[in-house]
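Visitor:
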Amino acid sequence: MSPRAAWRLEALGFTQVHDYVAGKADWGSAGLRLEGDNPSNTRVSAYVRGDVPTCHLDERLRDVRQRLSESGWDLCFVVNEQHVLLGRLSKRALRSEDDASVEEAMTPGPSTIRPSARLEAIVERMQRQNLTNLPVTTSDGRLVGVLLRETAERALQG
Amino acid sequence: MPTPIDREEVQRLLAKRAQLVEVLPPDEYRDEHLPGAMNIPLKTLDAETTGPLDRSRPLIVYCYDYQ
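So the protein lines, in turn, are chains V and G. Residue numbering for the first sequence is 362 to 519, as defined by this note's numbering. Residue numbering for the second sequence is 51 to 117, as defined by this note's numbering.
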């Protein structure tokens with residue numbers, strides 16, 4: 362729709378017309394604020410924990426475990442240098458005594474949600490699928506953080 | 051020719067006083083929109099509705115996504 366609008370504006374004599382083709386879905390997916398009657402506080406972006414631990418493919422599980430024990434978290438997402446989400450370390454992997462590499466131990470390709478997703482729909486999905494958390498990424502796969510079900514449910518209860 | 055831009059370029063242009071126009075229908079605009087955006091639905095774009103826009107400043111149009 363916006364390309365047609367941009368061309369129409371040029372036809373009306375505007376000379377500096379730019380088309381933000383990815384639109385407000387992209388804006389919201391980056392966690393940026395939107396205004397309106399149904400604004401961002403009903404979106405996942407308002408409740409994302411950006412401090413969730415991350416690790417890289419070539420790290421050893423032992424080192425990641427050590428880091429997590431100091432942070433209090435019991436989950437860790439695997440990202441590359443561009444912060445694109447590659448996998449997650451399950452609680453089982455983190456509790457094991459193995460000293461495999463992160464690449465060997467991770468569960469690849471976890472399901473993700475966008476920051477712009479409606480909180481209510483996501484909580485319903487988490488309850489239905491019995492998920493305690495979900496990674497939140499931008500539309501190009503970069504990790505924004507994690508949505509914890511407990512936090513989301515509390516938010517909906519007001 | 052209109053220039054396709056990404057989010058970073060939107061932010062850069064807004065810092066240079068660009069105008070934002072959402073071209074979706076009013077109910078979708080009321081639901082949510084980018085901060086500072088005005089609403090001129092595509093179907094109503096004409097000389098009269100665009101009259102308040104400043105032709106000397108950059109103009110950014112957007113809708114929901116690649117629709």
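For glycine and all other residues, C-beta sits at the position ideal for the given N, C-alpha and C. All values derive from a computational prediction rather than experimental measurement.
Could you say if the segment 375 to 384 of chain V and the segment 52 to 64 of chain G meet the contact criterion of at least three C-beta pairs nearer than 8 Å?
Guide: The segment 375 to 384 of chain V is in contact with the segment 52 to 64 of chain G.
Visitor: My output table needs one value for Gly389 of chain V: the three-state DSSP class, helix, strand or coil.
Guide: Helix.
Visitor: In the DSSP assignment, what are the bridge partners of Phe438 of chain V?
Guide: DSSP, once it has assigned bridges, lists V:Thr415 and V:Arg449 as partnering Phe438 of chain V.
Visitor: Please name the residue or residues paired with Met88 of chain G in a DSSP beta bridge.
Guide: Partner(s): G:Val71.
Visitor: Go ahead and pull the three-state DSSP assignment for Asp56 of chain G.
Guide: Asp56 of chain G: coil per DSSP, three-state reduction.
Visitor: In chain order, what residues of the segment 94 to 105 of chain G put their CB closer than 9 Å to some CB of chain V?
Guide: From the segment 94 to 105 of chain G, only Leu95, Asp96, Ala97, Thr100, Leu103 and Arg105 have a Cβ closer than 9 Å to chain V.
Visitor: Can you list the residues of chain G that Gly519 of chain V reaches, using a CB-CB cut of under 8 Å?
Guide: Going along chain G, no residue has its Cβ under 8 Å from Gly519 of chain V, so there is no contact; the nearest lies around 20 Å.
Visitor: Provide the residue(s) that pair with Lys474 of chain V in DSSP beta bridges, ordered along the chain.
Guide: The sequence given here places Ile at residue 474 of chain V; Lys does not occur at that position. In the DSSP output, where bridge partners are listed per residue, Ile474 of chain V has V:Val497.
Visitor: Relative to the C-alpha of Val463 of chain V, which residue among V:Cys437, V:Gly433, V:Ser390 and V:Glu431 is closest?
Guide: For the residues V:Cys437, V:Gly433, V:Ser390 and V:Glu431, the minimum Cα distance to Val463 of chain V belongs to V:Cys437.
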